[in-house]
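Undergrad: Residue numbers (our numbering), protein chains in the order written: chain G, 1 to 587; chain U, 1001 to 1409; chain B, 2001 to 2213.
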Amino acid sequence: MARKLPPKDVVIIGLGWTGSILAYELAKTGLDVVAIERGPWRDTVTDFPPAYAQDELRYAVRLDLFLRAGQETLTFRNNAGQTALPIRNFSGFLPGNGVGGAGVHWNGQTWRFLPTDFKLRSHLEERYGKDALPADMTIQDWPVSYDELEPYYDRFEKLCGTSGKAGNIRGAKQAGGNPFEGWRSSEYPTPPLKQGLGATLFAEAARKTGHTPFPQPASNLSEAYTNPLGVKLGQCTYCGFCERFGCGNYAKSSPQTCVLPALMRFPNFSAQTESEVVRINLDSTGKRATGVTYVDTSGEEWEQPADMVLLCAFSLFNVQLMLVSGIGKAYDPQTGQGVVGRNYAYQTTSSVSLILKDKILNPFIATGAHGMIVDDYNGDNFDHSGLGFVGGGYMGAGQTGARPIQTRPVPKGTPKWGAQWKKATAETYQKAFSLSTHGSSYSYKDCYLDLDPTYKDRLGRPLMRMTFDFHDNELKMSAYLTERLAEIAKAMDPAEMTPNPRKGPYNSTIYQTTHNTGGTVMGADPANSVVNRYCQSWDVHNVFVPGGASVFPQNHGYNPTDTVGALAYWTADAIKDRYLKNPGPLG
Amino acid sequence: MRRSLITAAFFFAFGAAAAAQSTQSFDRIERGRYLAVLSDCAACHTAPGGKPFAGGLVLQTPFGNLITPNITSDRETGIGDWTDAEFVAALHDGRGHDGKRLYPAMPYPAYTKLSDDDVLAMRAYFKTVAPVSNKVVSNQLPFPLNIREAMVFWNWLNFTPGRYEFKSGKSAEWNRGAYIVEGAGHCGTCHTPKTALGADKSDTPLAGTTLQGWFAPNITTDAHKGIGGWSKDDLVQYLKTGTNRWTLASGPMAEAVSHSTSQMTDADVAAIATYLKDSGAGGSGAKPTPVATDDAAMKAGGAIYKDNCSACHKDSGEGEAHLFPRLAGSALVQSDDPTTLARVVLHGTRAVSTASMPTAPAMPAFDWRLNDRQVGAVLTYIRNSWGNAASAVPADTIASQRISLAKAP
Amino acid sequence: MPWAPGTATPPTVVRPGPWMFFTADEASAIEAAADRLIPPDDRGPGGKDSGCAVFIDRQLAGPYGHSDGLYTRPPFMPGAATQGYQMPDTPAARYRAGLKALADYVKATFGGKSFQDLAPADQDKVLGGLESGAIALKDVKSEAFFTLLLQNTQEGFFADPIYGGNRDMAGWKLVGFPGARYDYRDWVEHHNETYPLPPVSIMGRSDWTVGEH
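1. Closest Cβ-Cβ distance between Pro-501(G) and chain U: below 7 Å?
2. Terminal residues of the continuous alpha helix (DSSP H) containing Leu-120(G)?
3. Can you say whether Pro-2063(B) is buried or exposed, counting buried as having 16 or more other CB atoms within 10 angstroms of its CB?
4. Which residue marks the beginning of the alpha helix (DSSP H) containing Tyr-1125(U), and which one marks its end?
5. Taking the alpha-carbon of Ile-625(G) as reference, which of Asn-381(G), Val-543(G), Tyr-511(G) has the nearest alpha-carbon?
6. I believe Ala-345(G) touches Ser-253(G) by the beta-carbon criterion, under 8 Å. Please report the beta-carbon distance rounded to the nearest angstrom.
7. Could you check whether Asp-1074(U) and Pro-1131(U) sit closer than 7 Å to each other, using their CB atoms as the reference points?
8. Note down the Cα distance separating Gly-1064(U) from Tyr-1103(U), rounded to an integer number of angstroms.
9. So the alpha helix (DSSP H) Ala-1254(U) belongs to, where does it begin and stop?
10. List, in order along the chain, the chain B residues whose C-beta lies closer than 9 Å to that of Ile-1403(U)?
11. At a CB-CB cut-off below 7 Å, which residues of chain B make contact with Trp-1368(U)?
12. Secondary structure at Ile-12(G), three-state DSSP: helix, strand or coil?
13. Could you check what DSSP says for Trp-2019(B) in three-state terms: helix, strand or coil?
14. Can you list, in chain order, the residues of its chain whose CB lies under 8 Å from that of Glu-474(G), leaving out five sequence neighbours each side?
15. Which runs of the beta strand (DSSP E) spanning at least 3 residues fall entirely within the region 468-522 of chain G, listed in chain order?
16. If Trp-2172(B) and Pro-2199(B) are in contact, beta carbons under 8 Å, what's the gap, nearest whole angstrom?
17. Taking Phe-2021(B) as the reference, give the member of Gly-2046(B), Thr-2012(B), Phe-2055(B), Val-2013(B) with the closest Cα.
18. Give me the residue from Leu-133(G), Tyr-24(G), Ala-60(G), Tyr-558(G) with the minimum Cα distance to Ser-436(G).
19. For Glu-72(G), which residues in the same chain have their Cβ closer than 6 Å to its Cβ, ignoring the five residues on either side in sequence?
20. Name the residue from Val-540(G), His-541(G), Leu-580(G), Cys-535(G) whose alpha carbon lies nearest to the alpha carbon of Gly-565(G).
21. Note down, in chain order, every chain G residue with its Cβ under 9 Å from the Cβ of Asn-1308(U).
22. Checking contacts by CB at 7 Å: is Phe-76(G) closer than that to chain B?
23. Let me make sure I understand the geometry here. Which of Glu-2026(B), Val-2175(B), Ala-2144(B), Ala-2119(B) has the alpha-carbon closest to that of Ala-2159(B)?
24. What is the DSSP secondary structure of Ile-280(G), reduced to helix, strand or coil?
25. Are the region 1222-1236 of chain U and the region 1266-1278 of chain U in contact at 8 Å, needing three or more beta carbon pairs?
26. Might you give, ordered along the chain, the residues of its own chain that have their beta carbon closer than 6 Å to the beta carbon of Val-1088(U), omitting 5 neighbours on each side?
27. Thinking just about the alpha-carbon of each residue, which of Phe-93(G), Arg-3(G), Phe-214(G) is nearest to the one in Thr-514(G)?
28. Roughly how many angstroms lie between the CA atoms of Val-2106(B) and Arg-2167(B), to the nearest whole one?
29. So for Thr-18(G), helix, strand or coil by DSSP?
30. Can at least three beta-carbon pairs, one atom from the region 294-302 of chain G and one from the region 263-279 of chain G, be found at a separation below 8 Å?
31. Determine, using beta-carbon pairs with one atom in the region 1030-1047 of chain U and one in the region 567-576 of chain G, whether at least three such pairs fall under 8 Å.
32. Residues bridged to Trp-302(G) by DSSP?
33. Between Ala-1399(U) and Gly-1213(U), how many whole angstroms is the CB-CB distance? I'm expecting something under 8 Å.
34. What residues of chain B sit near Pro-505(G), judged by a beta carbon separation below 7 Å?
35. Please report the straight-line C-alpha distance between Val-1181(U) and Leu-57(G), rounded to a whole angstrom.
36. Does any CB atom of chain B fall closer than 7 Å to the CB of Ile-1304(U)?
Okay, here's the thing in structure tokens:
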């Protein structure tokens, strides 16, 4: 029997980016807010100080900061004909764990989606005709436009202090920036990072081949910065321990470096760590949440009553909590009915590996998000007529380091061990470089999340089941993008070049990205979405999913965090300006 | 929506107490509350996690431990049954209830300078502090110091009672600053070197001293060891926000900033700065000869600095304003006493968080990574690079700091 | 922000000393294999002298060896390659079984010898046979065992020396990786120029040693 705690105004599940932003915005209004976080308290100085943050084995290989499958995992299968089996050790994608969530270990790539991405289906149907899209593709328009979201993108980027060069300020093209991006109300808060040799050579080649390279927008800061909350960030040192690592010198934007110092000052905010929410509780009508039940490390159950419940966990676990709490109708791929778990999507990435001639690239000097990029082949930035696919992605030189357990390329045909391997490893390390594409993953009828019939988690709940595979559209898109990238790479005059377009089937053991999206999709119609345009549950009005990537109707050719942060602010404003004045459905 | 329970509780307690007072005395109580902030009463009389002013904080003194008393309005365990005269005598003369002698950990040698009216205003405020029943046995000193009458002898040697006297020829602002620094703010309690008996050395006010395992730095205008290089604005910003372009407050000063200086009026903080920049206290500003760059400790220290420190404090020792303290030109770094330096390298520390500067960055602990000789070497390096000059730090200084940190709670 | 002085979660540094997981025979076999996977040459030491076996031993004796934190609930069912490892055996158990099966195979094939006693060319032949699956070990999937052994050996060669391998930073020196550094601001725009400082471990480098005064 759960012990009942004194009620709160707001309970937040998960203290990562969205949880900390919502907590700050709502605590500021005087509401009594508690955040319940599954993982431990994490802080720069105790969990990843620059004295041991740079430990590849601990953080990148043994995955110290990540969720352990033993605590929570999911089952996976490529299609409904297979039996889903548990992911026993996360490796293909890596959900974060603890205070800060994925904001601790992310690379800092801070991209906005394109204006056309927000009206994807209507835009594509208008340009290419209704028959251009595969019948089983379930992409849909967002219920919010780029113009509406722009101020919130701006707010999140100013929170982060993102480094970059604008390409479009209120419609005026800016030299040096991304010519394809949507309009921005202001320049990036800090100037672009410095570039290493590899990215510089790529940019030269891209220009030579008629493209427009620009520095990747990075929340690893080019210079010290004080954000609007008064919190100060440091300057990135190009240490090359970013992806999968916490930042030791306050230079990577994260809840720790951007929000928590200000948030923790509120006496009306508290954080309950190492406590896992088991379910969201509903009243007898099923239309209103009464709070949550959670379990602490000793196994004791607590009931936390609250007037509002904000689902701020990692996207996959937002879906799981909706399913186990019975909020919204679960998606049935046979009938196409139901919405929770529908439109799970991912990201379609690929690479071109290069070995350059007589170069000292110092590839270990890197940040998570520096690099030079071209965006000519993203979204609908290029004419898809006759190509046989829709979608696209950005591409370029964004190598995040060369930590040698995981990054030490050798020429094709080199044995995997022995004398030749050793010689090739020594001779190639400084000359090898990897270019990559980062492409969209549109949603399909047969790609979804539901509850597994067999496997249970440590709390006795069914694991979530992921059914996912790449579709022809995405594989063709990846082949096309990888060819374009190889053309630019050729202009770098490499000694050796290996294009690696994405091939099916999707393999859950090979790391590609942790951009798992969808499942609690936002939309204008309750028949094809779980939350409305204010990220509010259609079914239970005091439950919000404020911007986790689970609300993306499909995934676009960019990293999700900027959109996640923008939607968090968007939802916070909707709650403050609309919901608190008149609690009820906002749709 | 419900309001915060904490907020509600606060208003209830304050409201009930205030209702007992006449409205015209509200201003006086508020002045008393502010004087209690200036005097940083909470620093000693509120234990970590304890109720405000209920005492119970352990003060480590060179002579043994003292537990701070309960000064809430509780009649049995606080000061609720004290007369006004007893309250005044405590602050002015170091004599408590029934004439009992106080130990000078209570800074009555400074509070004696407070005006009668200010002390009575504080008295009026403390009558409104919610009573908390918390019995504290203050005196845990060894014999013969546990005999309060021993303080008669101490006072005869060390204590000069008397109110602050306005110094003509100085501005009102300067005098206000002096009143706070020498009186209410009792800055010298930490920053003035002490005699063997624990009294202030009157010839070197504010020249820095070690207490509770920290070196409270020289805050005279000495150009090398003091704050001679700080502008008035630097001082104001430091006291208001806990940080300026040079450094960030941590350790006991973080508490002083948090409870006291950050809550002072702009005028009072400016007055303190004016006084400190023109208090007459200062040193020669003389700079010792730096340790030679080819010294073995300097060479090892340089390598250790590059590999451990430069990511935050930079190769140039400039640090980053309001985030990583500047080492180049820092008076604290070059002070004779490296206690604080050894402490923060071994154990780390966290800067203060204030409303305008909430970041509170922290220095990580290096005790697991660097041995005593290496800590000594890197400190020697930072004390003698980028134009800095100070004595080398021997390994045994680090070793003894390591031992005392291991003992400390 | 909660914080207490002296709090940190630094890594536990591996100390030299007796084997913690391997038997003496197992350790000899691992050392011999490590020296073929990463042979000593004029570029530097091989897997044995750089401590790869010590690394694997300490890893297997610790949380990694026991599959700590992994999802280990039944049922265990064979799956597709895209579904990942689906067996209940921990890395420690896989080494125990794999080394036993390897020892049995070598003994039967090479006239009673142990793997570590074979000529390097024969050791290479055995390792190559495991890698390709041409050698079938009893009750052990030889390719999977080889993959695990190679992966852990290379981890040991390139991980920070605090974990017992990469002794004297041999792996990092081989490729020119500067190790546990945290500040390249001074070198990011020195294109095509070799980084001037030697590698550093989390527990330092020789230049940190203070000479006698």
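All C-beta atoms, glycine included, are put in the ideal place defined by N, C-alpha and C.
TA: On the basis of the coordinates in this document:
1. no
2. Its alpha helix (DSSP H) spans residues 120-128.
3. A residue is called buried when at least 16 other Cβ atoms come within 10 angstroms of its Cβ; Pro-2063(B) does not meet this threshold and is exposed.
4. 1116-1128
5. Missing from the structure shown is residue 625(G); chain G here goes from 1 to 587 and no further.
6. Ala-345(G) to Ser-253(G), Cβ: 25 Å. No contact.
7. yes
8. Cα-Cα distance, rounded: 12 Å.
9. 1252-1259
10. Within 9 Å Cβ-Cβ: nothing; Ile-1403(U) doesn't reach chain B, min ~13 Å.
11. Ala-2008, Pro-2010
12. strand
13. coil
14. Thr-348, Phe-389, Gly-391, Gly-439, Ser-440, Ser-441, Tyr-442, Arg-502
15. 496-500, 517-519
16. 4 Å
17. Phe-2055(B)
18. Tyr-558(G)
19. Asp-457
20. Cys-535(G)
21. For Asn-1308(U), the C-beta contacts it makes with chain G under 9 Å involve Pro-50, Ala-51, in order along the chain.
22. yes
23. Val-2175(B)
24. strand
25. Yes, the region 1222-1236 of chain U touches the region 1266-1278 of chain U.
26. Val-1119
27. Checked all of Phe-93(G), Arg-3(G), Phe-214(G); the closest Cα to Thr-514(G) is Phe-93(G).
28. Rounded to the nearest angstrom, the gap between the Cα atoms of Val-2106(B) and Arg-2167(B) is 30 Å.
29. helix
30. yes
31. The answer is no - the region 567-576 of chain G does not touch the region 1030-1047 of chain U, with fewer than three Cβ pairs under 8 Å.
32. Arg-3(G), Tyr-294(G)
33. Incorrect: roughly 14 Å between the Cβ atoms, too far for contact.
34. Thr-2082
35. 53 Å
36. yes
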